[in-house]
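Sequence order for the protein chains is A and B. Take any residue in the first sequence, count from 1 to its spot, add 91: that is its number in this note's numbering. Take any residue in the second sequence, count from 1 to its spot, add 91: that is its number in this note's numbering. Glycine included, C-beta positions come from ideal geometry on N, C-alpha and C. Following: one structure in structure tokens, then a few remarks.
Number of protein chains: 2
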Amino acid sequence: MSAPTAYEHHDHHQCIDEALMAARTVCKKNGVRLTALREQVLTKLWRSHKPLGAYAILELLASEGQGHPAPPTVYRALEFLQENGLAHRLASLNAYIGCDAPGRAHNSQFLICRHCQVTVEVASDTISSALQSCAERRDFAIHHSSVEIVGDCPNCQQAKP
Amino acid sequence: MSAPTAYEHHDHHQCIDEALMAARTVCKKNGVRLTALREQVLTKLWRSHKPLGAYAILELLASEGQGHPAPPTVYRALEFLQENGLAHRLASLNAYIGCDAPGRAHNSQFLICRHCQVTVEVASDTISSALQSCAERRDFAIHHSSVEIVGDCPNCQQAKP
DNA sequence: GAGCAAATGCAATATTATAACATTTTATTT
DNA sequence: AAATAAAATGTTATAATATTGCATTTGCTC
Numbered sequence: 092m093s094a095p096t097a098y099e100h101h102d103h104h105q106c107i108d109e110a111l112m113a114a115r116t117v118c119k120k121n122g123v124r125l126t127a128l129r130e131q132v133l134t135k136l137w138r139s140h141k142p143l144g145a146y147a148i149l150e151l152l153a154s155e156g157q158g159h160p161a162p163p164t165v166y167r168a169l170e171f172l173q174e175n176g177l178a179h180r181l182a183s184l185n186a187y188i189g190c191d192a193p194g195r196a197h198n199s200q201f202l203i204c205r206h207c208q209v210t211v212e213v214a215s216d217t218i219s220s221a222l223q224s225c226a227e228r229r230d231f232a233i234h235h236s237s238v239e240i241v242g243d244c245p246n247c248q249q250a251k252p
Numbered sequence: 092m093s094a095p096t097a098y099e100h101h102d103h104h105q106c107i108d109e110a111l112m113a114a115r116t117v118c119k120k121n122g123v124r125l126t127a128l129r130e131q132v133l134t135k136l137w138r139s140h141k142p143l144g145a146y147a148i149l150e151l152l153a154s155e156g157q158g159h160p161a162p163p164t165v166y167r168a169l170e171f172l173q174e175n176g177l178a179h180r181l182a183s184l185n186a187y188i189g190c191d192a193p194g195r196a197h198n199s200q201f202l203i204c205r206h207c208q209v210t211v212e213v214a215s216d217t218i219s220s221a222l223q224s225c226a227e228r229r230d231f232a233i234h235h236s237s238v239e240i241v242g243d244c245p246n247c248q249q250a251k252p
């Protein structure tokens with residue numbers, strides 16, 4: 092019984108709830124505070140299986156009554172979430188997404204659909220070790236890596252072939 | 092007798108010249124025009140083994156007398172160079188770099204030094220096929236990918252350990 | 001050289017992100 | 001519980017990156 096991928100129909104409410112629970116656990120363990128604002132931002136990210144831009148999040152917050160926050164508010168929350176492994180930034184999109192596996196070591200890659208933008212996080216050991224061996228061969232010491240694979244997700248391949 | 096990597100000392104003038112020759116060949120083959128402006132931008136990219144931001148290129152152009160071009164000028168040249176496989180955009184840096192192997196199919200990855208910014212393009216089959224098999228397993232059809240590995244290059248590891 | 005397409009110039013503006021400083025909230029110490 | 005320190009958030013302004021739309025020029029074809 093593995094978790095459904097974003098492409099499959101699933102109980103999305105539950106999916107969000109689980110993410111929030113996991114986030115609380117991680118924050119407790121890290122001795123940091125998952126404040127209301129940070130939790131709201133994380134929720135926005137999880138409501139969407141698509142990456143959200145910082146300004147999109149900003150609008151979502153504004154549209155939900157919480158006043159009209161300014162950019163730094165969102166960027167700081169995103170920074171916090173990233174530092175604690177609860178969210179990722181997708182460089183090729185300038186957008187952010189909730190992390191699939193908070194708490195676990197982070198060596199993830201992303202499959203980004205160029206039609207529907209649904210984005211799936213994967214943690215492929217094969218890819219990781221390919222990166223590692225490529226770097227080693229060149230005496231390069233990896234600090235972190237960004238692997239973003241853009242293409243057609245299963246749904247969109249069917250839809251428009 | 093393989094080409095030197097960016098880390099090694101080498102005849103950089105020759106390195107630029109070769110890149111320009113290769114670019115001319117590619118453009119002829121593609122039936123497109125390597126105009127003066129495009130060639131200047133490509134030269135700027137090759138003068139540096141470090142990725143350059145669009146506005147940095149803009150300043151270099153300005154500082155070399157050619158009037159004071161506006162952003163679209165540079166962005167259009169960069170777009171052209173990318174379309175013809177002569178340059179790449181590094182998403183994680185919002186910066187651009189000359190392509191190492193113009194003409195050849197493009198399946199490249201980047202090793203970016205976080206200290207000196209020297210960036211090396213590699214074309215690892217191991218990585219490519221790892222990406223491919225990861226995607227296949229999820230019925231994802233790759234269109235293109237962005238692999239940017241950030242860390243410490245050989246020189247900088249020695250310098251500040 | 002007239003006509004057309006491609007390239008460039010140019011002005012304005014959109015989008016993404018950060019800096020600097022004031023205020024508020026939370027936790028800690030007394 | 002009041003005083004203090006630390007963390008988080010609010011606010012304003014601005015930096016950095018990128019694009020749109022339209023005018024002009026350049027180079028090519030006939």
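Less than 8 Å between CB atoms is the rule here; does residue i satisfy it with respect to chain A?
{"i": "B:Val241", "result": "yes"}
{"i": "B:Ser207", "result": "Rather than Ser, the amino acid found at residue 207 of chain B in this sequence is Cys. False, the Cβ-Cβ gap to chain A never drops below 8 Å."}
{"i": "B:Leu143", "result": "no"}
{"i": "B:His140", "result": "no"}
{"i": "B:Asp230", "result": "yes"}
{"i": "B:Gln248", "result": "yes"}
{"i": "B:Gly211", "result": "The sequence shown places Val at residue 211 of chain B, not Gly. Answer yes: the Cβ-Cβ gap between B:Val211 and chain A drops below 8 Å somewhere."}
{"i": "B:Ala221", "result": "yes"}
{"i": "B:Val238", "result": "yes"}
Looking at the unbroken alpha helix (DSSP H) that takes in residue i, where does it start and where does it end?
{"i": "B:Phe171", "result": "Pro162 to Glu174"}
{"i": "B:Val117", "result": "His103 to Asn121"}
{"i": "B:Tyr146", "result": "Ala145 to Ser154"}
{"i": "B:Asp216", "result": "Asp216 to Arg228"}
{"i": "A:Arg180", "result": "Looking at the DSSP string, A:Arg180 is not in any alpha helix (DSSP H); the run it does join, the beta strand (DSSP E), is Ala178 to Leu181."}
{"i": "A:Val132", "result": "Ala127 to Arg138"}
Using only alpha-carbon positions, find the residue among the options that is nearest to residue i.
{"i": "B:Thr164", "options": "B:Asn175, B:Gly176 and B:Ala147", "result": "B:Ala147"}
{"i": "A:Lys120", "options": "A:Gly194, A:Cys247 and A:Arg229", "result": "A:Gly194"}
{"i": "A:Leu172", "options": "A:Gln249, A:Ile107 and A:Val117", "result": "A:Val117"}
{"i": "A:Glu145", "options": "A:Ala161, A:Thr210 and A:Glu155", "result": "In the sequence under discussion, the amino acid at residue 145 of chain A is Ala, which differs from the Glu named in the question. Of the candidates A:Ala161, A:Thr210 and A:Glu155, the one whose C-alpha sits nearest the C-alpha of A:Ala145 is A:Ala161."}
{"i": "B:Lys135", "options": "B:Leu149, B:Cys247, B:Thr126 and B:Gly122", "result": "B:Leu149"}
{"i": "A:Gln208", "options": "A:Asp191, A:Pro142, A:Gln157 and A:Ala192", "result": "A:Pro142"}
{"i": "B:Ala110", "options": "B:Val123, B:Gly122 and B:Val132", "result": "B:Val132"}
{"i": "A:Thr96", "options": "A:Val213, A:Leu222 and A:Ala221", "result": "A:Val213"}
{"i": "B:Ala114", "options": "B:Ala153, B:Ala178 and B:Gln157", "result": "B:Ala178"}
{"i": "A:Ala192", "options": "A:Glu99, A:His100, A:His101 and A:Cys106", "result": "A:Cys106"}
{"i": "B:Arg138", "options": "B:Leu125, B:Leu152 and B:Thr126", "result": "B:Leu152"}
{"i": "A:Met112", "options": "A:His100, A:Ser154 and A:Glu130", "result": "A:Glu130"}
{"i": "A:Tyr166", "options": "A:His101, A:Arg180 and A:Ser154", "result": "A:Arg180"}
{"i": "A:Glu99", "options": "B:Arg229, B:Ser154 and B:His101", "result": "B:Arg229"}
Is residue i close to chain B? Criterion is C-beta to C-beta, closer than 8 Å.
{"i": "A:Gln200", "result": "yes"}
{"i": "A:Ser154", "result": "no"}
{"i": "A:Cys225", "result": "yes"}
{"i": "A:Cys244", "result": "yes"}
{"i": "A:Ser183", "result": "yes"}
{"i": "A:Thr217", "result": "yes"}
{"i": "A:Ile233", "result": "yes"}
{"i": "A:Thr133", "result": "Inspection of the sequence shows that residue 133 of chain A is occupied by Leu rather than by Thr. Not one chain B Cβ lies under 8 Å of A:Leu133."}
{"i": "A:Val165", "result": "no"}
{"i": "A:Pro95", "result": "no"}
Can you round the beta-carbon distance between residue i and residue j to whole angstroms, since I take them to be within the 8 Å contact cut?
{"i": "A:Cys225", "j": "B:Ser215", "result": "5 Å"}
{"i": "A:Ala168", "j": "A:Leu128", "result": "6 Å"}
{"i": "B:Thr210", "j": "B:His140", "result": "7 Å"}
{"i": "A:Cys247", "j": "A:His197", "result": "Not quite, the Cβ-Cβ distance comes to about 27 Å (not below 8 Å), so this is no contact."}
{"i": "A:Val65", "j": "A:Asn185", "result": "Absent from the structure is residue 65 of chain A, since the part of chain A shown begins at 92 and ends at 252."}
{"i": "A:Ala221", "j": "B:Thr217", "result": "5 Å"}
How would you write the range of the beta strand (DSSP E) that residue i sits in, first residue to last?
{"i": "A:Gln200", "result": "Gln200 to Cys204"}
{"i": "B:Ala232", "result": "Ala232 to Asp243"}
{"i": "B:Gly189", "result": "Ala186 to Gly189"}
{"i": "A:Thr210", "result": "Thr210 to Val213"}
At a cut-off of 7 Å, is residue i close to the ligand COA when judged by its beta-carbon and the heavy atoms of the ligand?
{"i": "B:Gly144", "result": "The ligand COA is absent from the structure shown, which contains no ligands of any kind."}
* Spell out a yes or no on whether the stretch 187-206 of chain A and the stretch 224-240 of chain A are touching, meaning 3 or more CB-CB pairs, one atom from each, closer than 8 Å. => yes
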